[in-house]
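Q:
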Amino acid sequence: MSMDENSWIERVLQGDAAAFENLVCRYQARLVAFLWNLLGSGEDARDAAQDVFIHAYSRLGRFDRSRSFRNWLFTIAYNRGIDLLRRKRLFHRYGQRQARGGAAAVHAAPEGIEESAIWQPALRKVTPQERSVLTLKYNEDWGTEEIAAMLGCAPATVRVHLLNARRKLKKELAASGFVPGVKTVSAEEIP
Amino acid sequence: MNCAWFEVFSRIPLPGLRLRLCRWHVGRCVRCREESDRSDPPLGLLVVPDLLPAGLDLWPGVRKGIDGIRPQPGGMDAAPSPLRRSWRWATAAAVLLLALLAGFWTLFLRRDMPLRNGPAAAPPEAQVRLCSAKIADRPARVFQVQSRSPDRAIFWIVRDNSRS
Chain S
38 MSMDENSWIE RVLQGDAAAF ENLVCRYQAR LVAFLWNLLG SGEDARDAAQ
88 DVFIHAYSRL GRFDRSRSFR NWLFTIAYNR GIDLLRRKRL FHRYGQRQAR
138 GGAAAVHAAP EGIEESAIWQ PALRKVTPQE RSVLTLKYNE DWGTEEIAAM
188 LGCAPATVRV HLLNARRKLK KELAASGFVP GVKTVSAEEI P
Chain C
94 MNCAWFEVFS RIPLPGLRLR LCRWHVGRCV RCREESDRSD PPLGLLVVPD
144 LLPAGLDLWP GVRKGIDGIR PQPGGMDAAP SPLRRSWRWA TAAAVLLLAL
194 LAGFWTLFLR RDMPLRNGPA AAPPEAQVRL CSAKIADRPA RVFQVQSRSP
244 DRAIFWIVRD NSRS
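Protein sequences appear in the order of chains S and C. The working numbering applies: residue 38 is where the first sequence begins, and numbers increase by one. The working numbering applies: residue 94 is where the second sequence begins, and numbers increase by one.
What follows is the structure, encoded as structure tokens:
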């Protein structure tokens with residue numbers, strides 16, 4: 038953990054809530070991108086990231102400062118994201134049941150994934166755990182051991198997730214004729 | 094390109110077995126390890142933080158959310174890992190199973206067990222038997238049910254149409 042972060046955390050713990058803004062500014066884009074990849078929705082990602090920061094603030098006194106703040110924050114984000122997806126899946130199933138029962142259908146896309154130009158539909162074929170592993174590996178440049186510690190699994194499991202994700206994406210992209218390239222996101226697309 | 098063994102293992106329909114075999118294989122296969130360690134991103138599919146616009150600012154919302162909250166002191170690391178979470182679920186499932194077993198035992202099995210330290214079970218008393226019966230002067234069939242209670246027996250008499 039950097040000296041900056043340590044001093045910001047110290048200030049927050051001493052009652053200076055404004056010092057938390059530095060931590061928010063440092064991690065907000067990375068956290069939103071991580072959650073966007075995990076949840077498949079920019080709006081949900083933004084709301085979830087906000088919740089993650091609030092949760093982290095309230096638990097900051099319990100944070101073990103010998104460990105990495107970044108890893109701790111992303112662990113909270115991952116748990117929050119998985120909880121949200123689980124709830125959405127339940128909500129979606131409830132909607133389907135209601136529709137079958139003749140009541141008004143609750144419209145929700147599977148897992149709440151939005152139709153977006155930013156979030157590639159090919160990522161639907163990849164499980165949330167695999168999407169998290171991909172993001173941490175390629176966006177955040179985390180090592181296999183670090184990711185394994187965050188997910189609470191063996192490094193070999195992380196490798197399996199990576200290989201599976203790459204295999205599925207390759208297959209999906211080959212089927213859809215997708216031309217690889219870098220996406221740019223305009224300010225209007227951010228909710 | 095993944096190796097052929099990984100392709101085979103990853104097509105197994107049982108998720109638990111599939112993961113175990115893939116994990117076992119990846120732990121030993123140099124080619125799969127190299128493939129998983131490759132750092133080239135998956136074709137620009139992911140949302141990348143560098144491309145998010147500078148206008149993104151969560152601080153006003155966060156500030157509103159933390160207003161009036163004080164960071165909780167003491168303890169360690171508030172983020173429960175999925176591993177710890179799965180242990181919680183396993184413990185809850187084990188407790189539920191134990192409760193169900195205890196309930197089942199109390200309701201169904203315990204009733205049939207003889208009392209060990211209590212008074213010895215009374216020997217069966219002389220039973221009543223009904224050997225024959227008639228309905229409207231015609232022989233009828235008799236069914237006898239002996240209840241658990243020694244002083245109670247149930248008889249069911251049905252007109253016998255076969256012996257006409």
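Ideal Cβ positions, reconstructed from N, Cα and C, are used throughout, including at glycine.
(1) Checking contacts by CB at 8 Å: is C:E63 closer than that to chain S?
(2) Does the beta carbon of C:G109 come closer than 8 Å to any beta carbon on chain S?
(3) Three-state secondary structure (DSSP) at C:V141?
(4) Please identify the residue among S:A70, S:E209 and S:A193 whose C-alpha is closest to the C-alpha of C:S129.
(5) Do C:C125 and C:C96 have their CB atoms nearer than 8 Å?
(6) In chain C, which residues lie with their C-beta within 9 Å of the C-beta of S:W179?
(7) Does any residue of chain C bring its CB to less than 8 Å from the CB of S:N229?
(8) Would you report the Cα separation of S:S44 and C:V155, rounded to the nearest angstrom?
(9) Can you list the residues of chain S that C:R116 reaches, using a CB-CB cut of under 7 Å?
(10) Relative to the C-alpha of S:L173, which residue among S:D88, S:R67 and S:E80 is closest?
(11) Should S:F57 be flagged as near chain C, meaning a C-beta pair shorter than 8 Å?
(12) Compare the C-beta of C:I159 with all C-beta atoms of chain S and state if any pair is closer than 8 Å.
(13) Contact criterion: CB-CB distance below 8 Å. Does S:A90 meet it with respect to chain C?
(14) Going by DSSP, what residues sit across from C:Q239 in a beta bridge?
(15) Ignoring anything shorter than 4 residues or poking outside the stretch 51–118 of chain S, list the alpha helix (DSSP H) runs there in chain order.
(16) Relative to the alpha-carbon of S:L206, which residue among S:T164, S:E58, S:R99 and S:D81 has its alpha-carbon at the smallest distance?
(17) In whole angstroms, what is the alpha-carbon distance linking S:G149 and S:L122?
(18) Considering only residues of the same chain and omitting the five flanking positions on each side of C:W98, which have a CB-CB separation below 6 Å?
(19) Please name the residue, chosen from S:A202, S:R204, S:R196 and S:Y64, that lies closest to C:V123 on a Cα-to-Cα basis.
(20) Please return the same chain residues whose Cβ sits closer than 7 Å to the Cβ of S:T56, not counting the five positions on each side in sequence.
(21) Measure the C-alpha to C-alpha separation of S:S78 and C:L110 and round it to an integer number of angstroms.
(22) Name the residue from S:A212, S:R96 and S:S169 whose alpha carbon lies nearest to the alpha carbon of C:P164.
(23) Under 8 Å between C-beta atoms, does C:I258 make it to chain S?
(24) If you follow the beta strand (DSSP E) that C:K227 is in, where does it begin and where does it stop?
(25) Tell me the rounded alpha-carbon separation between S:V61 and C:D150.
(26) Bridge partners for C:V258 per DSSP, in chain order?
(27) State the CB to CB distance for the pair S:E42 and S:F90, rounded to an integer number of angstroms; the pair is presumed to be in contact (CB under 8 Å).
A: This is what the structure gives:
(1) This structure leaves residue 63 of chain C out entirely; chain C is present only between 94 and 257.
(2) Position 16 of the second sequence holds residue 109 of chain C. Chain S contact via Cβ: absent.
(3) Against the second sequence, residue 141 of chain C aligns to sequence position 48. Of the three classes helix, strand and coil, the one that applies to C:V141 here is coil, per DSSP.
(4) Reading the second sequence from its first residue, position 36 is the one you call residue 129 of chain C. If we check each option's Cα against that of C:S129, S:A193 comes out closest.
(5) Position 32 of the second sequence holds residue 125 of chain C. Position 3 of the second sequence holds residue 96 of chain C. Their beta carbons are under 8 Å apart, which means C:C125 touches C:C96 by this criterion.
(6) Mapped onto the first sequence, residue 179 of chain S falls at position 142. Per Cβ cutoff of 9 Å: no residues; S:W179 is ~11 Å from chain C at best.
(7) This structure cannot settle anything about residue 229 of chain S, because the visible part of chain S is limited to 38 through 228.
(8) Taking the first sequence and counting its residues from 1, one reaches residue 44 of chain S at position 7. Taking the second sequence and counting its residues from 1, one reaches residue 155 of chain C at position 62. S:S44 and C:V155: Cα-Cα distance of roughly 20 Å.
(9) In the second sequence, residue 116 of chain C corresponds to position 23, counting from 1. Neighbours of C:R116 on chain S, chain order: A191, A193, T194 and V197.
(10) The sequence position of residue 173 of chain S within the first sequence is 136, counting from 1. Looking at the Cα atoms, S:R67 is the closest of the given residues.
(11) Locating residue 57 of chain S in the first sequence gives position 20, counting from the first residue. True, the Cβ-Cβ gap to chain C drops below 8 Å.
(12) As a first step, residue 159 of chain C is located in the second sequence; it is residue number 66 there, counting from the start. Closer than 8 Å: yes.
(13) Within the first sequence, the letter at position 53 stands for residue 90 of chain S. The displayed chain sequence assigns Phe, not Ala, to residue 90 of chain S. True, the Cβ-Cβ gap to chain C drops below 8 Å.
(14) One-based indexing of the second sequence puts residue 239 of chain C at position 146. In DSSP, C:Q239 forms a bridge with C:A246.
(15) 57–76 and 79–95
(16) For the purposes of this step, residue 206 of chain S is identified with residue 169 of the first sequence, where counting begins at 1. It is S:T164 whose Cα lies nearest to the Cα of S:L206.
(17) If you number the first sequence from 1, residue 149 of chain S lands on position 112. If you number the first sequence from 1, residue 122 of chain S lands on position 85. A caution first: S:G149 carries a pLDDT of 46, below 50, which makes its placement in the model too unreliable to give a value.
(18) Working through the second sequence from its first residue, we reach residue 98 of chain C at position 5. Cβ neighbours of C:W98 beyond the five flanking positions: H118.
(19) For the purposes of this step, residue 123 of chain C is taken as the residue at position 30 of the second sequence. Among S:A202, S:R204, S:R196 and S:Y64, the Cα nearest to that of C:V123 belongs to S:R196.
(20) Mapped onto the first sequence, residue 56 of chain S falls at position 19. One detail in the question is off: residue 56 of chain S reads as Ala in this sequence, not Thr. Excluding sequence neighbours, S:A56 sits near W45, R48 and V49.
(21) Along the first sequence, one-based indexing puts residue 78 of chain S at 41. Along the second sequence, one-based indexing puts residue 110 of chain C at 17. If I take the Cα positions, the gap works out to 32 Å.
(22) Here residue 164 of chain C is taken as the residue at index 71 of the second sequence, counted from 1. Of S:A212, S:R96 and S:S169, the residue nearest in Cα terms is S:R96.
(23) Coverage of chain C is limited to positions 94 through 257, which leaves residue 258 of chain C absent and any answer about it impossible.
(24) Counted from its first residue, the second sequence places residue 227 of chain C at position 134. Here the beta strand (DSSP E) through C:K227 covers A226 to I228.
(25) On the first sequence, position 24 is the one that residue 61 of chain S refers to. On the second sequence, position 57 is the one that residue 150 of chain C refers to. S:V61 and C:D150: Cα-Cα distance of roughly 9 Å.
(26) What is shown of chain C runs 94 to 257, which leaves residue 258 of chain C out entirely.
(27) Reading the first sequence from its first residue, position 5 is the one you call residue 42 of chain S. Reading the first sequence from its first residue, position 53 is the one you call residue 90 of chain S. Not a contact, Cβ separation roughly 14 Å.
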